[in-house]
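For the sequence shown, our numbering assigns the number 33 to the initial residue and increments by one for each residue that follows.
The structure under discussion appears below in the form of structure tokens.
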Amino acid sequence: MASPSVAANAYAALSRIMDSNGAATGKGAEVGGGQSFSAVLKDAIGSVLDTGRKSDQQTVAMASGKANVMDVVTAVAETDVAVSTLVSVRDKVIQSYEDIMKMAI
């Protein structure tokens, strides 16, 4: 189960990606005043990869006696939340694609 701080970090990461209107912000090819879907997807995957790298670094640091166990557990939990979120988004995209393909023309 995710702790409140892990959930807060996940929401903070999402707020960096989204502006107050719910539109994607940041760098990339912009269409209609917002960032392209591919740029948002690339940023989200990059964020998950960064979280995973942080978790790996904390694990290695703990094995060498330089990190606290709590820091490692927190990093692993953040990675779990990030990956779970990414998988949920992937599932929704696939479901939406399948729904579109079922539509009659």
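From the three backbone atoms N, C-alpha and C, an ideal C-beta is built for every residue, glycine too.
Computed from a prediction, not measured in an experiment: that's the story for all the values here.
Buried/exposed call for Gln67, threshold 16 Cβ in 10 Å | Here residue 67 refers to the residue found at position 35 of the sequence shown. Answer is buried; the Cβ neighbour count reaches 16.
Hey, could you find the ends of the alpha helix (DSSP H) Ile137 is sitting in?
The sequence position of residue 137 within the sequence shown is 105, counting from 1. Looking at the DSSP string, Ile137 is not in any alpha helix (DSSP H), and its letter there is neither H nor E.
Exercise. Between the stretch 103 to 111 and the stretch 84 to 91, do at least 3 Cβ pairs fall closer than 8 Å?
Worked result: yes
**Request:** Mind reading off the beta-carbon distance from Leu118 to Val80? Whole number of angstroms is fine, and I expect it under 8 Å.
**Result:** As a first step, residue 118 must be located in the sequence shown, where it is residue number 86. As a first step, residue 80 must be located in the sequence shown, where it is residue number 48. Separation of the CB atoms of Leu118 and Val80 is rounded to 5 Å, and the pair is thereby assigned contact status at 8 Å.
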